[in-house]
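Per full-length UniProt numbering: the sequence shown = residues 1 to 250. For glycine and all other residues, C-beta sits at the position ideal for the given N, C-alpha and C.
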Amino acid sequence: MGLFKAQAGRVYNLEIRFNNHHLVPGQVIPMRRGAIELGGRPVTEAEEMLQEAERAAREADVAIVAVGLNQDWECECYDRDSMKLPGKSDELVQRVLAANPQTVVILQSGTPVELPFIRYLRCRDSASEDDIVHRQHPCCYSLFHGPKCRQSRRQRKCPNLCRTVRRNRQGPEKELRDFIKVELGAGEKKTCSVQLTMEAFAYSDTSANNSTVDAGDYKVLLESTSRDIKESVNMFIETKASLLEYPKLK
């Protein structure tokens, strides 16, 4: 990135050269294609642009702010320095919100980002800050009631949403293993079920070159949200086995 002083109405010829000598010193340079993205914008101060956004927000009935990440920040084999939005995106959102509470924030991101302004989110004016993320999942706007889970010898049947917890090995506290999607009209009631086969308890085991199921205690949770547990079922797998075998269930 650099600065170039241009004159209005004048045509400039630009030459771009690319090489990777500095990337592999003393080695044979692989025959690979390179890519360069060329762009430009007027030189401006960030504070001036923030103030301009504030003025526009105050004069508008509804303000719309679009922030997020693009290919400059998201790509394969690339580690980001932080989880924050680039530049002064967070400050932009908060200053526009302060100038006009009637603000819509459009977030475009293919990877996780910090959202310090999420406390201003008005989820139907009914959710607390602590509940916003897990309770406002688009699949959880309706209220679901779960009956008792029915279990069989070789598989577990649970209605609605089930998560599995592995307590005998390191890993996340909960893992989503299966779910079902249904369409309900207003006031409509429907019974549905999810069948958890042994694949739901397996993980990729590179040492065995197969999917493995660990022996031990498991708990199947029926939830309408990640914090609203409707029902739980304890189960025990006697022996460790790959999916080519079939461990006994109790």
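Checklist entry - How close, in whole Å, do the beta carbons of Ile64 and Val104 come, if the pair is a contact with beta carbons under 8 Å? => result Taking the sequence shown and counting its residues from 1, the one referred to as residue 64 is at position 64. Taking the sequence shown and counting its residues from 1, the one referred to as residue 104 is at position 104. About 5 Å separates the two Cβ atoms, so the contact holds.
Item to check | Spatial distance of Ser82 from Val113 (CA atoms) | outcome: Within the sequence shown, residue 82 is the residue found at index 82, counting from 1. Within the sequence shown, residue 113 is the residue found at index 113, counting from 1. Roughly 9 Å between the two C-alpha positions.
Checklist entry - Just curious, the beta strand (DSSP E) that Met235 is in, first and last residue? => result Position 235 of the sequence shown, counted from the first residue, corresponds to residue 235. Start and end: 228-237.
Checklist entry - If you check the beta carbons only, do Val182 and Lys189 fall under 8 Å apart? => result Here residue 182 is taken as the residue at index 182 of the sequence shown, counted from 1. Here residue 189 is taken as the residue at index 189 of the sequence shown, counted from 1. In this structure, Lys189 does not lie closer than 8 Å to Val182 by Cβ.
Checklist entry - What whole-angstrom Cβ distance do Gln102 and Val43 have, given they're in contact under 8 Å? => result What you label residue 102 is simply residue 102 of the sequence shown in a count that begins at 1. What you label residue 43 is simply residue 43 of the sequence shown in a count that begins at 1. Between Val43 and Gln102 the Cβ distance is about 32 Å, and since that is not below 8 Å, they are no contact.
Next on the checklist: Looking at the secondary structure, which residues open and close the alpha helix (DSSP H) in which Gln108 lies?
Outcome noted: As a first step, residue 108 is located in the sequence shown; it is residue number 108 there, counting from the start. Run containing Gln108: none in the alpha helix (DSSP H); it sits in the beta strand (DSSP E), 103-108.
Checklist entry - Buried or exposed: which applies to Leu3, given that a residue is buried once 16 or more other Cβ atoms fall within 10 Å of its Cβ? => result Here residue 3 corresponds to residue number 3 of the sequence shown, with the count starting at 1. Its Cβ having fewer than 16 others within 10 Å, Leu3 is exposed.
Checklist entry - I think Ala66 touches Ile106, with their Cβ atoms under 8 Å apart; what is that distance to the nearest whole Å? => result By one-based count along the sequence shown, residue 66 stands at place 66. By one-based count along the sequence shown, residue 106 stands at place 106. Correct: roughly 4 Å between the Cβ atoms.
Checklist entry - Residue range of the beta strand (DSSP E) that Glu223 falls in? => result Numbered from 1 along the sequence shown, position 223 holds the residue referred to as residue 223. Under the DSSP assignment, Glu223 falls in the beta strand (DSSP E) whose first and last residues are 216-225.
Checklist entry - If you count every other CB in all the chains shown that lies within 10 Å of the CB of Val11, and 16 or more means buried, which is it? => result Walking along the sequence shown from the start, residue 11 turns up at place 11. Val11 comes out exposed.
Checklist entry - Is it right to say Arg177 is buried, meaning 16 or more other beta carbons lie within 10 angstroms of its own, or is it exposed? => result Taking the sequence shown and counting its residues from 1, one reaches residue 177 at position 177. Here Arg177 is buried, its C-beta having at least 16 other C-beta atoms within 10 Å.
Next on the checklist: Using the Cβ count rule (16 or more neighbours within 10 Å means buried), how would you classify Phe201?
Outcome noted: Here residue 201 refers to the residue found at position 201 when the sequence shown is read from its first residue. Buried.
Item to check | Host alpha helix (DSSP H) of Asp90 (start-end) | outcome: For the purposes of this step, residue 90 is taken as the residue at position 90 of the sequence shown. Element bounds for Asp90: 89-99.
Item to check | Contact check, Lys230 vs Glu223, beta carbons under 8 Å | outcome: The residue you call residue 230 lines up with position 230 of the sequence shown. The residue you call residue 223 lines up with position 223 of the sequence shown. In this structure, Lys230 lies near Glu223, with their beta-carbon atoms less than 8 Å apart.
Next on the checklist: Buried or exposed for Tyr218, going by 16 or more other Cβ atoms inside 10 Å?
Outcome noted: Here residue 218 refers to the residue found at position 218 when the sequence shown is read from its first residue. Buried, because 16 or more other Cβ atoms sit within 10 Å of the Cβ of Tyr218.
Checklist entry - For Gln51, does the three-state DSSP call read helix, strand or coil? => result Here residue 51 corresponds to residue number 51 of the sequence shown, with the count starting at 1. In the structure shown, Gln51 adopts helical secondary structure according to DSSP, grouped into three states.
Next on the checklist: Judging by CA-CA distance, which residue of Ile16, Ser226, Arg55, Ala56 is the nearest neighbour of Lys174?
Outcome noted: What you label residue 174 is simply residue 174 of the sequence shown in a count that begins at 1. Among Ile16, Ser226, Arg55, Ala56, the Cα nearest to that of Lys174 belongs to Ser226.
Checklist entry - Taking the alpha-carbon positions, what's the Leu51 to Pro86 distance? => result Numbered from its first residue, the sequence shown carries residue 51 at position 51. Numbered from its first residue, the sequence shown carries residue 86 at position 86. Leu is not the amino acid found at residue 51; the sequence shown has Gln there. Approximately 18 Å between the Cα atoms of the pair.
Checklist entry - Does Ala98 come within less than 8 Å of chain D when only Cβ atoms are used? => result Given the protein chain composition of this structure (a single chain), no chain D is represented.
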